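To start, the structure under review is shown below, and the notes come after it.
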Amino acid sequence: MDDNHLGGFLRARRAGLRPGDVGMVSYGARRVAGLRREEVAVLAGVNADYYTRLEQGRERHPSPQVLDALSRALRLDADAQAHLYRLAGAAQGDRPRTHVADQVSPALRQLMDGYPNTPAYVMNRTLDILATNALADALYAPFERADNLARMTFLDPAGRSFYTDWDRAAQATVANLRQATGFDPNDPRLAELVRTLTDQSADFARLWNAHTVRGKTRDAKHFLHPDVGPLTLTYQAFDVRDAPGQQLVIYHAEPGGPGAQALDLLGSIHTTRHQTEPSPRR
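So for the sequence shown, the numbering used here puts the first residue at 60; every next one is plus one.
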């Protein structure tokens, strides 16, 4: 990955805006899409040369005032603005960068198993799935391995049919993964994952280069499961306080609705299969 993460982010967001988006009139032919550097500098109230140095990586520590101005100029939402601050090393309230533990505590695993009627799993910032309960195993059974949400979405053949709106799921997955670069852009696990996905998926490479950033939301998820058919679930994501970087994700369906009935059926099928499978030899 390019080590000028701040400059790459600014360039990508600048390219995604047109003069009309920010109330400016376009003059002359444009060789590239998006705003010119000089236009962003005017909108942010900074010197054009200074802004150029930011994009080129020759200035890496803008003040909070400049970051606020750039956020307004580039029309950044809350997630993107927080990401910009982290890339500039100016995020307020963040803990020092540390490696996210891959171990899930026994107490958290016990909590997840206490939700037998809803899928629950723990993931880290690079979207590695660290622990699952039984119904999450059943939900992700169509995949060869339920190990990393980005790999599953882009590289596992099951992903295209499992996610009913694959394009939307892919965009959200990349936006979630892009957020991880703000916490630790030099994370070797992140670099390895991005390299693999970029090499093997043109769709991932295109979305990754857009630098869209978004945290987990509560949007509905639409799945097509081979065992129970269409399945619509919403979810909540909770930060794990004693393991910064881990999140507990819990899916749920409207009580008594088709989604809840499908989850009940999925759980029954999963239990039956495990009861009929031969026990491994010892």
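Positions of the beta carbon are idealized from the N, C-alpha and C atoms, including for glycine. Note that the structure is a prediction, hence the values are computed from the model and not measured.
Check, Outcome
"Name the two residues that bound the continuous beta strand (DSSP E) containing His281.", "280-284"
"Can you name, in chain order, every residue of its own chain whose Cβ lies under 6 angstroms from the Cβ of Gly185, other than the five neighbours on each side?", "Before going on, a small fix: residue 185 reads as Thr here, not Gly. Closer than 6 angstroms at the Cβ level, and outside the excluded window around Thr185, lie Ala239, Arg248, Leu249, Leu252."
"Let me check understanding here. Comparing Cα to Cα, which of Phe242, Leu283, Asp246 lies closest to Gly274?", "Phe242"
"Could you spell out where the alpha helix (DSSP H) holding Leu94 opens and where it closes?", "From DSSP, Leu94 is part of no alpha helix (DSSP H); its letter is neither H nor E."
"Tell me Gln320's beta-bridge partners as DSSP assigns them.", "The partner list for Gln320 (beta bridge, DSSP) is empty, contrary to what the question assumes."
"DSSP state of Asn191, grouped into three classes?", "What sits at residue 191 in the sequence shown is Thr, not Asn. In this structure, Thr191 counts as strand in the three-state DSSP scheme."
"State yes or no: is the C-beta of Gly93 within less than 8 angstroms of the C-beta of Arg112?", "no"
"Which of the three DSSP states is assigned to Ala147 in this structure?", "coil"
"Helix, strand or coil: which one does DSSP assign to Thr157?", "Only weak support is given to the placement of Thr157: the predicted model assigns it a pLDDT of 47, under 50, and the value that follows is read from those uncertain coordinates. Reduced to three states, the DSSP call for Thr157 is coil."
"What first and last residue would you give for the beta strand (DSSP E) that runs through His64?", "Premise fails: His64 lies in the alpha helix (DSSP H), 64-74, not in any beta strand (DSSP E)."
"DSSP puts Phe297 in a beta bridge; with which residues?", "Leu307"
"Counting beta carbon pairs with one atom in the region 169-182 and one in the region 307-327, are three or more of them shorter than 8 angstroms?", "yes"
"Tell me which residue opens and which closes the beta strand (DSSP E) that Tyr180 is part of.", "179-182"
"Using a 10 Å radius around the Cβ and a threshold of 16 neighbouring Cβ atoms, would you call Arg117 buried or exposed?", "exposed"
"Can you give the Cα-Cα distance for Tyr199 and Ala205, rounded to whole angstroms?", "6 angstroms"
"What are the start and end residues of each continuous alpha helix (DSSP H) run of 4 or more residues lying completely inside the region 219-294, in chain order?", "225-242, 247-259, 261-267"
"For Asp298 and Val181, I'd like the C-alpha separation in whole angstroms.", "10 angstroms"
"Going by beta carbon distance, what residues of the same chain come within less than 6 angstroms of Asp187, once the five residues before and after it are set aside?", "Asn207"
"Check whether the region 283-294 and the region 310-322 are in contact - that is, three or more C-beta pairs closer than 8 angstroms.", "yes"
"Asp179 to Leu76, Cα distance in whole Å?", "In the sequence on display, residue 179 carries Ala and not Asp. Ala179 and Leu76: Cα-Cα distance of roughly 38 angstroms."
"So Leu65 and Arg119 are supposed to be a Cβ contact under 8 angstroms. How far apart are they, rounded?", "6 angstroms"
"Are three or more beta carbon pairs between the region 276-288 and the region 253-266 nearer than 8 angstroms?", "no"
"Comparing C-alpha positions only, which one of Ser122, Arg70, Pro121 sits nearest to Glu97?", "Arg70"
"How would you call Val245, buried or exposed, if buried means at least 16 neighbouring beta carbons within 10 angstroms?", "Val is not the amino acid found at residue 245; the sequence shown has Asn there. With fewer than 16 Cβ atoms within 10 Å of its Cβ, Asn245 is classed as exposed."
"Confirm, please, whether the CB-CB distance from Phe213 to Phe263 is below 8 angstroms.", "yes"
"Near Asp138, which residues of its chain fall below 6 angstroms by C-beta distance, leaving aside the five closest residues on each side in sequence?", "Val272, Arg273, Gly274"
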